[in-house]
Amino acid sequence: MHISPLVSAIALAAASGLGLLVGFFIRKKLGEARLESAEKAAERIISEAEKKAEMLKKETLLQAKDSLYQTKAEFDKEMANKRAELQRLERRLLQREANIDKKVDILDSKEIEINKRERTLAEKEQWVEEQEKKYQELLAQERSRLEKIAHITSEEAKRLLIERMENEARHEAAKKIKEIEDETREQAAKKAKEIISLAVQRYAGEYVAEKTVSLVNLPNEEMKGRIIGREGRNIRALEAATGVDLIIDDTPEAVILSGFNPMRREIARIALERLISDGRIHPARIEEIVAKVEQEIEESIKEAGEQAAFDVGVHGLHPELIKMIGKLKYRTSFAQNVYQHSLEVAFLCGIMAAELNLNVKQAKRAGLLHDIGKAVDHEVEGAHAAIGAELAKKYGEPEEVVNAIAAHHDEASCNNILAVLVQAADALSGARPGARREMFETYVKRLEDLERIANSFPGVEKSYAIQAGREVRIIVQNEEISDEEAVMLSRDIARKIEKELSYPGQIKVTVIRETRAVEYAK
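When the letters of the sequence shown are read in order and numbered with our numbering, they come out as residues 5 to 526.
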């Protein structure tokens, strides 16, 4: 009873171990079968892979061969093109070489021809030189023979020929000039006379004579001593403050003020009159009065400039130009007041411009400013026309006005008709009777110089300076001077007068040539 469980247990254990062993063998067999199946699958996969690899290799090789073939074909095509291009270049080079050879041959032939010509020219040149020598020898012989026959040298003959040609040329030129002048005079003289006479008739300016001294009347002789002062201190203070000389002499109840500057002389006159009326005359008072008078004169100068611009009708002038116009009131030229002269010129310019249908206001502007340089010519070096032109340009005047100022004494060329009008108006204002005065000695000297210049020309028989030196008449010898040469003589004398003399206005040169036939009735 006790053994059966043990047997059961052993039997159970034996059965269990046998099952395990059977299961092991079964699993082993299954594993071997699986391993064999896997190996076969692996072999199959490897075989397929090898086949695919072989196929890919073949395809790649085929593609490579195809690409290599295409590349080779393109290379062959490119090389063929290059070969064709090289062949074309080679043909062109061969053609050029052939052309160069032809040109070289042509040049060689030309060089040979040129060498032949050079030799021919050298021979001809030598022949020409020999002929030139022979010609010169013959010419020298003929010249010597002619000199013996004519009794003059070749140089003298040349001089005579040149003189004859010059005389003929001058004769022809004089005839032409005379024809042109006659034709121009016929057309212009009438109109010019009408305009000038109209301008003179329509304007009559007053004449103001200025001197270099002023006279101050005194209430009594005692005032002279007070003006002189103790040890002359008052008169010295007055002279130092005004810049003029006081002359106190035997003239009864009068003091003379002497000075070249009219403005300073006027300041001194007014200051002295105020000191006399005030009665307090001492250096401090003198300086005070002179300072006040100078200020008043400055104001009067400005007012005079403004009044001139207003009278003429010129507007927009620079203040400095207005002041300079006022200064001309104290400036004279040949005893003619420049302020009045400028107004005259402005009015005359305006009248002539109106007759010629020109800009009247601009003409008056140029006439008023034409002598503006005289306001400062004692302070600035140079001719007053050039100084005035610079001032006008500086203060913004138009170019036509600047040129008219610069050219009114022919110191610059006239660029417009306005300059010619100013020249004519300036001459009219200065040359009219009574406008200007000059010293008797200067007047006589100018007349003598006019006659001297006229008599210095060959062929002049007599000369006369007439019309107060405004005209010189020359009588020539008719057998030496022809009508055409008389024209040239008048021009030459006029040019010499312009060069050597200084004079106001203009001088007319008249050459007279006449032929007289005389017979007596018996």
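Glycine included, every Cβ here is placed at the ideal spot set by N, Cα and C. Since this is a predicted model, take the numbers as computed values, not measurements.
| Item | Value |
| --- | --- |
| Same chain only: Cβ atoms within 6 Å of Tyr468, ignoring 5 sequence neighbours per side | Arg477 |
| Distance, Val515 Cα to Asn459 Cα | 12 Å |
| Limits of the unbroken alpha helix (DSSP H) element including Asp496 | Asp487 to Glu504 |
| Cβ shell of Glu498 (< 7 Å), same chain only, five flanking positions each side left out | Checking the sequence shown, residue 498 turns out to be Ala, not Glu. Taken in chain order, the residues that qualify are Val513. |
| Beta-bridge partners of Arg477, as assigned by DSSP | Tyr468 and Thr514 |
| Alpha-carbon spacing of Ile485 relative to Ile479, whole angstroms | 10 Å |
| Secondary structure of Ile251, DSSP reduced to three states | strand |
| Where Ala393 falls, given that 16 or more other Cβ within 10 Å makes a residue buried | buried |
| DSSP three-state assignment for Ala208, whether helix, strand or coil | Only weak support is given to the placement of Ala208: the predicted model assigns it a pLDDT of 45, under 50, and the question is left unresolved by the model. |
| Check: Lys107 C-beta below 6 Å from any heavy atom of the ligand FMN | This structure lacks the ligand FMN, and indeed carries no ligand of any kind. |
| Burial state of Pro437, where buried means 16 or more other Cβ atoms lie within 10 Å | Bear in mind that a pLDDT of 49 at Pro437, under 50, signals an unreliable position, so the model cannot answer this. |
| Own chain, CB closer than 7 Å to Leu1, minus 5 neighbours either side, in chain order | With the chain represented from 5 up to 526, any question about residue 1 goes unanswered, as that position is not in the structure. |
| The segment 282-297 in contact with the segment 237-256 per 3-pair CB rule at 8 Å | yes |
| Euclidean distance between Cα positions of Leu72 and Ala57 | 22 Å |
| Contact under 7 Å by Cβ, Ala350 with Lys368 | yes |
| Leu250 classed as buried or exposed, judged by whether at least 16 other C-beta atoms fall within 10 angstroms | buried |
| Assigned secondary structure, Asn407 (DSSP; H/G/I helix, E/B strand, else coil) | helix |
| Where Ile285 sits in the DSSP three-state scheme | coil |
| Enclosing beta strand (DSSP E) for Leu261 [first to last residue] | Ala258 to Ser262 |
| Under 7 Å between C-beta atoms of Asp453 and Leu373 | no |
| Alpha helix (DSSP H) segment containing Tyr343, residue limits | Val342 to Glu359 |
| Among Gly247, Ala258 and Val248, nearest to Ile229 - alpha-carbon criterion | With the sequence shown as reference, residue 229 is identified as Gly, and Ile is not the correct amino acid for it. If we check each option's Cα against that of Gly229, Ala258 comes out closest. |
| Test item: CB-CB of Ala379 and Lys331 under 7 Å | yes |
| Asn171 in three-state terms, based on DSSP | helix |
| Inter-residue spacing [alpha-carbon to alpha-carbon] between Ala275 and Asp254 | 22 Å |
| Cα-Cα separation, Ala144 to Lys120 | 36 Å |
| Coil, strand or helix - Ser304 by DSSP | helix |
| Local Cβ density within 10 Å of Asp186, reported as buried at 16 or more and exposed below that | exposed |
| Bridge partners - Leu219, DSSP secondary structure assignment | Ile260 |
| As assigned by DSSP and simplified to three states, the class of Thr64 | helix |
| DSSP state of Thr336 mapped onto helix, strand, coil | strand |
| Per-residue DSSP class, three states only, for Pro323 | helix |
| Neighbourhood of Ile181 by C-beta, 7 Å cutoff - its chain only, sequence neighbours within 5 removed | Val491 |
| Sub-7 Å separation of Leu279 and Ile293 beta-carbons | yes |
| Assigned secondary structure, Pro402 (DSSP; H/G/I helix, E/B strand, else coil) | coil |
| Inter-residue spacing [alpha-carbon to alpha-carbon] between Glu122 and Gln135 | 19 Å |
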